[in-house]
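Residue numbers (my numbering), protein chains in the order written: chain A, 1 to 401; chain B, 402 to 750. Cβ atoms here follow ideal geometry from the backbone N, Cα and C, with glycine treated the same way. Every value quoted in this text rests on a predicted model; they were computed, and no experiment measured them. In what follows, a structure is listed as structure tokens, so that the remarks can point back to it.
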Amino acid sequence: MLTKMLQGMEQQTSADKEKGSARGMWLNAWSRQLLKAYEPGHKIAYVSAYAFPMEILAAFDVVPFDFELASGLMSVMGVAVPSMEAAEHSGYPMEVCAFHRTALGAATVQEFPAPDILVTTSYFCDGKVKTNELLGIRHRKETLLLQVPATVSKESLRYVEKQLRDIAHRIGEVAGQRLDEDRLRAAVRSSNRATHAQRVMLELQKHRPAPWGGRDLISFSINSQLFTGTETRVQLTEAFTGEMRRRIAGEPQRTEKHRIYWFAWLPAYQTELFEILGEHRVSIALCETARIHWDDIDEENPFEGLAMKCLRNPFIGAGTRRTEGLAETMDDYHIDGAILFATPACKHSNAAYGLLRDTVAACGRSFLTLDMDISDPRSHAPGQMRTRLEAFIEVLDQRPQ
Amino acid sequence: MTQTTERAREVLYTCSYVPEEILLAAGFAPRRFLPESRPGDARVHPNTCGYVRSLFAAALDGTAVDTAGIVIANSCDAMRRLYDLWGAYAGNVPAAFLDIPKTADADAIEMFAVDLRSLAETLHSRFAGRLVDDAGLRCAIRTCNETRSLMQEAFAAQHAAQNDGVGTRVFDLCLASAAHARNEFDAAVRQFLAQVSQEPRSARRPRIMIAGGLVHRPDVVAAIEDAGAHVVAFDTCLGSRHYETCVDEGASDPFVALAARYLTRPGCARMQGFEERLRWMKHLADESGADAVVSCLLKFCGPCAYDVQFLSEGCQRLGIPFLCLEGDYDGSGREQMTSRIEAFVELRQ
């Protein structure tokens with residue numbers, strides 16, 4: 001079923017892509033990438049694209065497949081519930097993240113392509129590590145875990161770097177290739193260029209009204225990482241920044257009343273969340289998943305640079321990493337308030353909510369915890385969501401301008 | 402046994418992966434912190450497990466204030482956040498964070514040894530403990546190994562036993578280890594071992610192994626025994642996993658020896674290794690002659706929630722009936738749990 005829907009998505013977005021629409025290019029690239037994983041003859045590497053350094057995979061002839069992103073896409077398309085139910089009927093409790101229930105259920109009905117190797121990281125989150133291992137057992141394939149310590153030190157840097165070399169070696173064995181150092185350098189170069197383009201994007205988002213935002217900004221910031229280390233990621237990011245520039249140049253646009261900083265993820269299924277914000281002229285000026293926490297990676301020393309990129313991930317280690325420099329950032333982006341999207345199973349994000357709330361309050365901004373599932377539409381309560389959002393917007397309305 | 406009187410020198414810890422040896426070598430009395438269930442504080446998200454919520458509530462209400470500090474391990478995502486909250490809102494009790502790899506390969510052991518050295522330094526610099534040296538640490542390792550050996554004997558006696566109430570008594574020992582001074586605890590284990598072999602054996606009854614992560618409430622053990630079964634093994638964080646495998650006393654680097662022991666002993670749900678956990682469960686069932694497994698799942702425990710299906714299916718495949726009981730840290734839902742246990746035991750009779 002998923003392949004048919006992906007083929008439809010690929011066809012639907014082709015025309016937009018031809019017209020130069022950044023969104024069309026992105027969705028088209030995504031569908032093509034996913035479809036490629038279903039084509040025979042490819043080696044498939046399951047991977048957590050938002051956490052693992054994808055530059056390494058880009059150096060091999062393997063097709064990355066992120067079961068969380070694929071589960072999210074199933075939810076976007078409204079076909080995730082049967083897979084979740086399959087997992088639940090086999091005994092997985094509702095505490096298991098909806099993305100993971102979808103992936104575990106989809107594996108039982110062979111909805112997803114079979115992996116040749118599975119790679120993930122120890123952080124974030126516990127559930128992803130476990131699902132990766134469960135899927136590895138189901139498919140009788142090797143599961144690799146990149147263990148990333150909570151602190152940055154010379155020992156932890158050496159530890160992560162060594163693991164990355166070992167993982168690259170194993171991927172090479174599965175792909176039937178030796179690591180091509182030049183190809184890895186090229187992947188790192190692409191990654192650095194994409195980072196530069198993303199910096200431009202973040203700079204443009206400071207403009208009032210924000211030239212981009214909402215669902216697409218958050219979603220792109222997460223799932224475009226599937227393309228990190230490839231020219232596709234550079235082209236997509238540059239396409240979006242081009243559109244943002246044109247929007248700014250072509251003002252006047254819609255007026256903007258409030259600007260939001262968005263913590264964590266977003267619901268994959270259809271909701272009116274972003275439409276409600278739009279109705280009230282609330283922009284999402286910045287999401288934390290779009291922020292850049294790493295320096296340029298040294299092409300001549302890629303494993304060390306990639307190890308440092310992992311170690312500096314704000315979701316690793318102390319929760320305060322997520323709030324470092326937040327006051328300054330909020331000033332830079334003219335932020336009025338913050339929303340934490342809190343999906344029930346996401347302990348590493350949700351359990352920080354007290355800290356996030358108090359830090360945002362200390363910055364003199366309002367804060368909303370939006371408890372909603374990330375991917376399971378069965379628990380969605382649209383009325384409750386609207387009431388909470390509108391109450392939050394009322395609070396923002398009362399802020400002195 | 403009497404409660405330890407050295408409260409000012411206690412260091413609390415939250416997970417079986419925290420090496421008590423380092424706390425002892427730094428001059429502290431390690432105490433596994435199992436506070437009474439408390440209503441959650443508004444700063445902890447309601448989907449967080451009751452153990453983490455209760456730990457934080459205890460931090461705020463001053464329960465831990467007489468201690469030298471607390472070591473919070475990277476047991477799970479929620480515990481990481483507890484460390485953040487503790488630092489931000491309970492600053493009167495110093496907290497140290499212990500990172501723990503999820504794997505047990507040579508590189509992970511080396512990294513964990515680095516983290517253990519760092520913990521030793523923190524206990525000295527922030528908790529005002531003794532500087533941990535190799536000699537002191539080796540002494541602490543011997544002390545803890547002795548307790549482990551005693552508890553392994555106690556578990557072996559439990560596995561072999563057909564005496565009424567042995568499960569409850571071993572469970573009480575497991576709880577006592579969390580709260581009492583080590584010499585008193587060791588004496589209590591020796592007393593149990595001396596008594597248990599002299600006691601009359603009851604008729605053959607269904608033999609149940611209790612499995613899970615943090616299983617700290619005696620109700621479940623009592624309910625199984627009241628239903629007419631023997632509790633013959635504890636595959637839990639406070640049970641046999643905590644005591645299995647001694648630290649190599651002859652290793653050249655005691656920190657590496659500790660790291661190796663803690664990462665390679667039978668793992669809990671936080672570690673990689675579903676198949677290893679199932680093998681360990683089968684081993685314990687064979688050792689104890691368990692007819693069935695009662696698995697206790699703490700509500701909102703992320704890692705354990707992912708294990709249940711695999712272990713349940715695996716046990717069924719091995720011919721070991723498996724019952725999963727979900728319960729909260731506060732022990733609510735006792736009647737429902739009792740009914741399910743009674744029905745499960747009845748099927749085994």
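* To do: Name the two residues that bound the continuous alpha helix (DSSP H) containing W487/B.
  => Taken as a continuous stretch (DSSP letters only), the alpha helix (DSSP H) holding W487/B covers 478–490.
* Return no unless some Cβ of chain B is closer than 9 Å to the Cβ of H169/A. => Not one chain B Cβ lies under 9 Å of H169/A.
* So, do the stretch 78–89 of chain A and the stretch 97–111 of chain A have three or more beta carbon pairs nearer to each other than 8 Å? -> yes
* Say whether chain A places a C-beta atom closer than 9 Å to the C-beta of E522/B. => no
* Asked: Would the beta-carbon of A59/A fall within 9 Å of that of V119/A?
  -> no
* Considering only residues of the stretch 541–627 of chain B, which uninterrupted beta strand (DSSP E) runs meet the minimum length of 3 residues and lie entirely inside it, listed in chain order? -> 608–613
* **Bridge partners - P64/A, DSSP secondary structure assignment** => A45/A
* **Contact check, R642/B vs S417/B, beta carbons under 9 Å** => Cβ atoms of R642/B and S417/B: closer than 9 Å.
* Asked: So is I609/B buried or exposed if we call it buried at 16+ other beta carbons inside 10 Å?
  -> buried
* Candidates C540/B, L679/B, E727/B, P722/B, of which the one nearest R749/B by Cα -> It is P722/B whose Cα lies nearest to the Cα of R749/B.
* To do: May I ask you to report which of helix, strand or coil DSSP gives V148/A?
  => coil
* To do: Using a Cβ cut-off of 9 Å, pull out every chain A residue sitting near F675/B, in sequence order please.
  => K130, E133, L134, I137
* Asked: By DSSP, does T121/A sit in helix, in strand, or in coil?
  -> Looking at T121/A - three-state DSSP - the assignment turns out to be strand.
* Residues of its chain near F357/B, where Cβ-Cβ distance is below 6 Å and the 5 sequence neighbours each way are ignored -> Since the displayed chain B opens at 402 and closes at 750, residue 357/B lies outside it and no answer follows.
* At a Cβ cut of 7 Å, what residues of the stretch 105–126 of chain A count as close to chain B, listed as they run along the chain? -> S122, C125, D126
* Rounded distance between the beta-carbons of T343/A and I374/A, thought under 8 Å -> 4 Å
* Indicate whether at least one CB of chain A lies closer than 9 Å to the CB of V445/B. => Taking 9 Å as the threshold, the shortest C-beta distance from V445/B to chain A falls below it.
* Per DSSP, what kind of secondary structure is P667/B in: helix, strand or coil? -> Three-state DSSP puts P667/B in coil, outside helix and strand.
* Let me know if M1/A comes out buried or exposed under the rule of 16 or more other beta-carbons within 10 Å of its beta-carbon. => exposed
* At a Cβ threshold of 9 Å, is A509/B touching chain A? -> yes
* Asked: Could you give the C-beta distance for A405/A and F263/A, rounded to a whole number, given that I count them as a contact under 8 Å?
  -> Nothing about residue 405/A can be read from this structure; chain A reaches only from 1 to 401.
* Have a look at Q404/B and N584/B and give me their C-alpha separation to the nearest angstrom. => Caution applies to Q404/B, whose pLDDT of 46 falls short of 50 and renders its modelled position unreliable; the model cannot decide the point.
* Measuring CA to CA, which of A15/A, A70/A, L57/A, A22/A is closest to L35/A? -> A70/A
* Asked: Would you say R189/A and E299/A are within 9 Å of each other, going by their C-beta atoms?
  -> yes
* Can you give the Cα-Cα distance for Y123/A and V282/A, rounded to whole angstroms? -> 32 Å
* For A509/B versus P502/B, is the C-beta distance shorter than 9 Å? -> In this structure, P502/B lies closer than 9 Å to A509/B by Cβ.
* **Which of helix, strand or coil DSSP assigns to E407/B** => For E407/B, the pLDDT reaches just 44, beneath the cut-off of 50, and the residue's location in the model is therefore unreliable, leaving the point undetermined.
* Could you pull the start and end residues of the alpha helix (DSSP H) that V174/A belongs to? => Per DSSP, V174/A belongs to the alpha helix (DSSP H) from 154–175.
* **DSSP-derived helix/strand/coil call for S756/B** => Not covered by the structure: residue 756/B. The range shown for chain B is 402 to 750.
* What separation, rounded to the nearest whole angstrom, lies between the Cα atoms of T468/B and R671/B? -> Looking at the two C-alpha atoms, the distance is approximately 27 Å.
* H617/B burial status per 10 Å Cβ neighbour count (16 or more: buried) -> buried
* To do: Taking 8 Å as the threshold, find out whether the stretch 452–471 of chain B comes into contact with the stretch 423–439 of chain B through three or more Cβ pairs.
  => yes
* Asked: Is there a Cβ from chain B that is less than 9 Å from the Cβ of L370/A?
  -> no
* Relative to chain A, which residues along the stretch 687–709 of chain B have a C-beta separation below 7 Å, given in chain order? -> For the stretch 687–709 of chain B, residues whose beta-carbon sits nearer than 7 Å to a beta-carbon of chain A comprise F701, G703, P704, A706, Y707, V709.
* Proximal residues, the stretch 334–351 of chain A versus chain B, C-beta separation under 7 Å -> If the cut-off is 7 Å between Cβ atoms, the stretch 334–351 of chain A has A342, P344, A345, K347, H348, N350, A351 near chain B.
* Return the chain-ordered ranges of every alpha helix (DSSP H) run that is complete within the stretch 261–333 of chain A and spans a minimum of 4 residues. => 273–279, 302–311, 326–332
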